[in-house]
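Asks: Residue numbering for the sequence shown follows our numbering, beginning at 12 and increasing consecutively.
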Amino acid sequence: MSYSWRPEIRSASELSSIPVATSSSGQGGPGPSPLRQSTSQQSVAFGPQGTSPLYYDLTTNNGTLSILPTPLQHCVCRRVFVEYLYDNKVGEPPTMKTGGVKQTPNHVVIKLDLGLNVYGYSGVHILMDVGPEVLSADFREGTFARGVLYMRFVTYAGQSWNSCRTLEVELKQETGQPLFTFMNPILDKNMQVFSFAARDGYYRGCRHWVTNVLLTWKSMNLITSRIKGTHPVAPPIQVDDIFGAIGYDYASPYHAVRDPSTPLLSGIIKGAFATPHEYDEQLVPYMGSRRYEVALQYVYREGLAARLGGI
């Protein structure tokens, strides 16, 4: 059976905006910044608890949630986001060898917002990052590099201050689900064990990992594929489902484009899971896939932007 797909242009008015983390002044803009912020000039006020991000390493700790306090395991998650984090100069996340590289590719992560403030935390990033020992070694093109699954609890809800594009994914059940309901399928499938592909001077594969997590959650009726909202709302994105949208990169201050957050078609490059997962790849614009090729034809026809090579 043939498969055809045409990206749908969505206007800014069709997508709701996402709350932006606020500073201590209460004004919209940069919210709480990452740990190890010595290079940042931001001044952010917090309450007595949760003054810094809280990290848990689920790869090194044998893929168990028992390292989390029980209240965090059972906190209800009310919103699901995919974020393109661009600023790793303050320590988040080191996904590349910096020597001689002028531009930083975005690092794609998942963010869940908690229904209640727990220990001073209102959200959690679920991110696959390159292992610290990899970054201290020489970059070896064409190899694979060990990843580490982190849970990073943060003190704010909504978009992260260093996200050039945040996409909200629709929950299947609007009232939300406990955090362990989202995390256990990841660990049951051994997805905390993942390797990045060393390609063209960067460690690539974060979108491959995020996509497989979202596909797992969709198969368990935790989410749908619908994009519920985006920040910023302009420039508009070219698709209305999250798996198509992950086939795009979004312009950050490090990209040589005029408009921030511009969608740039960029096929997904695969890393390597310890346990292969069987999913319908027609949903996902992997580099060289049918969906990517159809999207590429559309981009060229409409005069839109593409970044060949993927991230």
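Beta carbons are placed, not taken as given, at the ideal position from N, Cα and C, and that holds for glycine.
Within 10 angstroms of its Cβ, does P45 collect 16 or more other Cβ (buried), or is it exposed?
Replies: Low confidence applies to P45: its pLDDT is 29, below 50, so where it sits in the model is not reliable, and the reading given next is rough at best. Buried.
Asks: Of all the alpha helix (DSSP H) runs that stay within the bounds of the stretch 121 to 172, which reach a length of 4 or more residues?
Replies: 143 to 146, all fully within the stretch 121 to 172.
Asks: Are the CB atoms of V295 and T235 within a distance shorter than 8 angstroms?
Replies: Contact: no.
Asks: Kindly give me the distance between the Cβ atoms of K281 and G240, rounded to whole angstroms, as I take these residues to be in contact under 8 angstroms.
Replies: Actually they are not in contact, since the Cβ atoms of K281 and G240 sit about 28 angstroms apart, beyond 8 angstroms.
Asks: Nearest-angstrom Cα distance between L83 and Y130?
Replies: About 8 angstroms.
Asks: Measure the C-alpha to C-alpha separation of D260 and N117 and round it to an integer number of angstroms.
Replies: The straight-line gap from Cα to Cα measures roughly 8 angstroms.
Asks: By DSSP's criteria, I234 is part of a beta bridge. Which residues make up the other side?
Replies: DSSP lists L182 as partners of I234.
Asks: Should R163 and Y95 be called a contact, given that it needs their Cβ atoms to be closer than 8 angstroms?
Replies: Not closer than 8 angstroms, so no.
Asks: How about L65 and M194: are their beta carbons less than 8 angstroms apart?
Replies: Taking 8 angstroms as the Cβ cut-off, L65 and M194 do not qualify as a contacting pair.
Asks: Below 8 angstroms, how does it come out for the stretch 244 to 253 and the stretch 156 to 170: are there three or more Cβ pairs, yes or no?
Replies: Verdict: no, contact absent.
Asks: When we look at the beta-carbon of I279 and count the other beta-carbons within 10 Å, is it buried (16 or more) or exposed?
Replies: By the 10 Å Cβ count, I279 comes out buried.
Asks: Quick check on K122: buried or exposed, where buried means 16 or more other Cβ atoms within 10 Å of its Cβ?
Replies: It counts as buried.
Asks: Taking the alpha carbon of I257 as the point to measure from, which residue in I248, S263, K229 has its own alpha carbon closest?
Replies: Closest option to I257, Cα to Cα, is I248.
Asks: Look up V55 in the DSSP assignment and say whether it is helix, strand or coil.
Replies: The predicted position of V55 is uncertain, since its pLDDT is 26 and thus under 50; a value taken from the coordinates is nonetheless stated next. Note: V55 maps to coil in three-state DSSP.
Asks: Check T81 in the structure and name its three-state DSSP category.
Replies: Three-state result, T81: helix.
Asks: At the 8 angstroms Cβ level, is G158 part of the contact set with chain C, yes or no?
Replies: Given the protein chain composition of this structure (a single chain), no chain C is represented.
Asks: Can you tell me which of the three DSSP states K239 falls into?
Replies: K239: strand per DSSP, three-state reduction.
Asks: Within the same chain, show all residues whose beta-carbon is closer than 7 angstroms to that of A306, passing over the 5 residues directly before and after it, in chain order.
Replies: Answer for A306: P18, G258, L276, P296, listed in chain order.
Asks: Judging by CA-CA distance, which residue of Q184, D68, R157, I78 is the nearest neighbour of S147?
Replies: The residue with the shortest Cα to Cα distance from S147 is R157.
Asks: Measuring straight from C-alpha to C-alpha, what distance separates M231 and P196?
Replies: The straight-line gap from Cα to Cα measures roughly 9 angstroms.
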